[in-house]
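Heads up: the structure comes next, in structure tokens.
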Amino acid sequence: MKKSFVKAKPPSDQMMIQITSLADIFMILLVFLLKSYGSGLIELTTSKGLNIPQAAVETGSADALKLEVSEQAILLEGKPVAEMKDFQFDSKSLSGALAGERKRQIILAKSDPNIKLDPRVIMIADRKIPYSTIKSVLASAASNGYTDFKLAVVQTN
Amino acid sequence: MSASPSSFSSFSQDFDLNLAPILDCFVVLIAFVMISTSFAAVGILDAGVAAGGETELKTEVPSVRIAVELQKNHRFLIKLTGKENRQISVGAAGNDWDHVALKQQLDEVKHKYPTATGAVISAADSVKYDEVVSSMDQVRKTFPAVMLGGL
Numbered sequence: 009m010k011k012s013f014v015k016a017k018p019p020s021d022q023m024m025i026q027i028t029s030l031a032d033i034f035m036i037l038l039v040f041l042l043k044s045y046g047s048g049l050i051e052l053t054t055s056k057g058l059n060i061p062q063a064a065v066e067t068g069s070a071d072a073l074k075l076e077v078s079e080q081a082i083l084l085e086g087k088p089v090a091e092m093k094d095f096q097f098d099s100k101s102l103s104g105a106l107a108g109e110r111k112r113q114i115i116l117a118k119s120d121p122n123i124k125l126d127p128r129v130i131m132i133a134d135r136k137i138p139y140s141t142i143k144s145v146l147a148s149a150a151s152n153g154y155t156d157f158k159l160a161v162v163q164t165n
Numbered sequence: 021m022s023a024s025p026s027s028f029s030s031f032s033q034d035f036d037l038n039l040a041p042i043l044d045c046f047v048v049l050i051a052f053v054m055i056s057t058s059f060a061a062v063g064i065l066d067a068g069v070a071a072g073g074e075t076e077l078k079t080e081v082p083s084v085r086i087a088v089e090l091q092k093n094h095r096f097l098i099k100l101t102g103k104e105n106r107q108i109s110v111g112a113a114g115n116d117w118d119h120v121a122l123k124q125q126l127d128e129v130k131h132k133y134p135t136a137t138g139a140v141i142s143a144a145d146s147v148k149y150d151e152v153v154s155s156m157d158q159v160r161k162t163f164p165a166v167m168l169g170g171l
């Protein structure tokens with residue numbers, strides 16, 4: 009066997025990693041994530057420890073007044089309006105906050121004829137809340153003109 | 021002044037595109053999107069429109085009105101009023117709600133009154149919201165328009 013007298017090149021210290029395939033993977037991952045990011049889901053920010061019930065519903069997107077009922081407090085559009093103790097709350101505080109929100113909507117509707125009064129309210133309630141509390145909250149909402157109730161649930165399908 | 025073709029011969033057409041900064045951007049973007057994406061999809065369960073809305077509802081009065089009541093001890097009571105006045109009781113399945121039996125009973129009602137599309141659901145004060153929602157979900161399979169009652 010012939011022996012080559014040409015010395016082999018010593019391995020270079022600078023190593024080039026082929027990252028084109030990695031960039032491809034990242035691109036696919038990014039497209040997938042961005043697609044699922046904006047797929048018409050409702051943007052709901054709930055309080056820590058709030059467990060909303062599950063139900064088999066289709067993806068719904070609704071922009072309405074958000075009313076959160078947790079074991080600690082009732083929040084209207086993320087702002088606490090009534091404290092909850094043993095599932096009891098001050099209905100006057102909630103009613104006052106809802107009336108204020110309704111008044112704001114009425115002023116807006118009067119100033120712009122394209123804006124209509126929205127009777128929808130999305131209720132985000134903890135699964136442990138008894139129905140009596142839910143009834144009281146919904147009754148307060150209904151007495152202030154919010155008569156179209158929508159319940160936020162975690163989709164099971 | 022035009023350059024002669026021989027002057028370009030020193031530039032090679034094969035070059036390595038530096039992908040490292042693009043990859044850096046991708047890593048940051050993916051991390052950001054993954055953090056802000058909620059994988060638990062939130063849906064909306066329509067609880068119906070109570071009386072007293074801004075616009076008048078033009079709906080026909082159904083021949084039979086169906087009300088499902090969630091009672092204590094995990095019992096359902098189906099109340100039919102109108103063309104037929106009857107109450108159907110659905111017992112508990114052990115220490116839980118018998119959703120299968122409820123669906124069977126509701127299917128029978130639907131078979132008898134195929135034009136009925138709505139039902140009102142109400143519950144005893146101690147019944148938890150989760151149980152009301154799961155029952156609503158069950159009733160919706162037979163009667164799509166489910167409204168919350170007892171307000």
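Just so you know, the sequences run in chain order S and B.
The working numbering puts the first sequence at residues 9 to 165.
The working numbering puts the second sequence at residues 21 to 171.
Idealized CB from N, CA, C, for every residue including glycine.
Bear in mind the structure is a predicted one, so any value in this text is a computation, not a measurement.
When the five nearest sequence neighbours on each side are left out, the beta carbons in the same chain lying within less than 6 Å of the beta carbon of residue 123 of chain S are those of 116 and 117, in order along the chain. At least 8 Å separates the CB of residue 138 of chain B from every CB of chain S.
Looking from the CA of residue 109 of chain B, the closest CA among B/94, B/115 and B/103 belongs to B/94. The secondary-structure analysis by DSSP pairs residue 74 of chain S across a beta bridge with S/130. Under a 10 Å Cβ-count criterion, residue 88 of chain B is classified as buried, with 16 or more other Cβ atoms of the shown protein chains found around its own Cβ. Rounded to the nearest angstrom, the gap between the Cα atoms of residue 63 of chain B and residue 39 of chain B is 40 Å. If you ignore the 5 residues before and after residue 152 of chain S, its C-beta comes within less than 7 Å of the C-beta of 103, 106, 107 and 110, all in its own chain and listed in chain order.
The contact set of residue 116 of chain B on chain S, defined by CB atoms closer than 8 Å, is empty, because the minimum CB distance reaches about 15 Å.
Rounded to the nearest whole angstrom, the C-alpha separation of residue 138 of chain B and residue 149 of chain S is 23 Å. Within the segment 31-55 of chain B, the residues whose Cβ lies closer than 8 Å to any Cβ of chain S are, in chain order, 36, 39, 40, 42, 43, 46, 47, 49, 50, 53 and 54.
Within the same chain, and ignoring the five residues on either side of residue 138 of chain S in sequence, the residues whose Cβ sits closer than 6 Å to its Cβ are 95. Check the Cα spacing between residue 142 of chain B and each of B/136, B/128 and B/155: the tightest is with B/155.
Under the DSSP assignment, residue 104 of chain B falls outside any alpha helix (DSSP H); it carries neither an H nor an E label.
Per DSSP, residue 54 of chain B is one residue of the alpha helix (DSSP H) stretching across 40-56. At a cut-off of 8 Å between C-beta atoms, residue 67 of chain B counts as an interface residue with respect to chain S. Under the Cβ distance rule, residue 75 of chain S does not count among the residues neighbouring chain B, no pair being separated by less than 8 Å. Within the same chain, Cβ atoms closer than 6 Å to the Cβ of residue 130 of chain S are found at 72, 74, 158 and 160, the five residues on either side in sequence being excluded.
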